[in-house]
Each structure stands twice: as C-alpha cells, then as structure tokens.
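Trainee: Residue numbers (mature numbering (1 follows the signal peptide of the UniProt record, and there is no 0)): -25 to -1, 1 to 212.
Before I ask anything, here is the structure I am working with.
Take a look at the structure:
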C-alpha cells in the first residue's frame, strides 16, 4: 500500500518535470526542427481532413478546394524541407509564413461559420488524441517510477521542483514580451534552469530514461541499474 501511495504521489511531479522541457521549448519554438513540426502539421491535417469534411457535410466543391489547398501545403513543406536556410530563425519564419498563407487560403474557401465548425471539430479530435497520448505517457511513467528507488528527501525535492515549475510557467505565460526572440530566450532559460534542478535530483541514466519515456510510442529505455537510482554518493558525502 505504501509503495502504491508513493507511486501515485510521484506521478504528477514526474509528469510535470518530464513534460516541462518539451512544452517550454515548444512554446519558444526552439525544441524540435521546424521541418519536423511542419511535417506533423500537414500530417495532422491530412489525417483529419476527410473525416471532418464528411462530418460537417461540406459539398463536393468545397471539399475539392480544401484538398487542393492541403496538397499545396504538403508540396510547399517538401520544398522548405529541402531548402538550405542561413539560420534557424530564417527557417522558423519561413514555416510560420507558410502556415499563415495556408490559413489565409482556408479563409478564402470557407465561410465564417464553416471555419468555426471546422476548428471546433479539429479541436475536439485533437483533444481526444492528446488524452490518449497522456494516458499512454502516464502508463510509461508509472512503469519508470516503479523501477526507481527514491528516498523520502528526493521525493520531497521532486515535489518542490514541480511546484516551482508551475509557478514559473504561470508567471512566464502572463508576461509580455517585446519580440518573439525575447520570448523564446525566456522559455529557453527557464527550460535550462529546471533541467539543471532536475539534474540535481536524478542521475544521468535516470535523466536519459525520463527523456526516452517521453518519446513517441514509448521508445525503449537503455540498460537499467536497479537499487542505486536516485542516490548520489558525491552529494551525500
């Protein structure tokens, strides 16, 4: 019973700690390559487009126009992926401009009511998808926590880092920035700060396992060493 209580109490902390570096970086536009983001963006549209159009009852002409707009988006993504950019910022701006152009194209095709219906349906679908991913992620994290042996002090420290993370993220979301670069730098600094705090609590292998656990489809972890997780002799000396 005690072990189950420990596992349940640790899950919110580890979930927040694991998600934080990814979500912070994503908010700043600096975590993953923009080409990968672009592929995911157009893939999600392709995955849901037919189902959404059928559900919303769009006529054949509207569906044909939407499919043509999506085909243009897909082709443009291929071109951007193959293009050599002078800097990461230039690449980011190119993908951002492409997505804005795609939104403008949709505005020309759909009425205000249709746009809202489509966005609402897409939000609902994405919420379902995210809920499924969160559930799968929690199952992976539960298995990971079950393989660690953390002291009471380390569990308490994880909780403190989690609470600090929540507070810092709320403050940053409410903060006004003069530019996208300033916002990105602020999120990057916060990400690095919390990663450093996490590194004080977990050893290198635990950090790698946590990172691997957050990968899509629960990519397998590396070799594990049981009985020594969470213990840092050099810090206890």
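Heads up, the beta-carbon is just placed ideally off N, CA and C, and yes, glycines get one too.
Using only the alpha-carbon positions, how far apart do residue 37 and residue 181 sit?
Mentor: 51 Å
Trainee: Inspect the beta-carbon positions of residue 77 and residue 39 and report whether they are closer than 8 Å.
Mentor: no
Trainee: Please name the residue in 82, 87, 52 whose C-alpha comes closest to that of residue 214.
Mentor: Limits of the chain in this structure are -25 at one end and 212 at the other, which puts residue 214 out of reach.
Trainee: By the three-class DSSP mapping on this structure, what secondary structure does residue 179 have?
Mentor: helix
Trainee: Go ahead and pull the three-state DSSP assignment for residue 105.
Mentor: helix
Trainee: What residue from 141, 179, 178 has the CA that sits closest to residue 166's CA?
Mentor: 141
Trainee: Once DSSP output is grouped into helix, strand and coil, what is the label at residue 189?
Mentor: Reduced to three states, the DSSP call for residue 189 is coil.
Trainee: Residue range of the alpha helix (DSSP H) that residue 58 falls in?
Mentor: Note, residue 58: premise wrong, no alpha helix (DSSP H); not H, not E.
Trainee: Name the two residues that bound the continuous alpha helix (DSSP H) containing residue 135.
Mentor: From DSSP, the alpha helix (DSSP H) with residue 135 extends over 127 to 149.
Trainee: Can you give me the Cβ contacts of residue 107 inside the same chain, cut-off strictly under 6 Å, excluding the 5 residues immediately before and after it?
Mentor: none
Trainee: Any idea if residue 175 is buried or exposed, counting beta-carbon neighbours within 10 angstroms, 16 or more meaning buried?
Mentor: exposed
Trainee: For residue 133 versus residue 84, is the C-beta distance shorter than 8 Å?
Mentor: No, the Cβ-Cβ distance between residue 133 and residue 84 is not below 8 Å.
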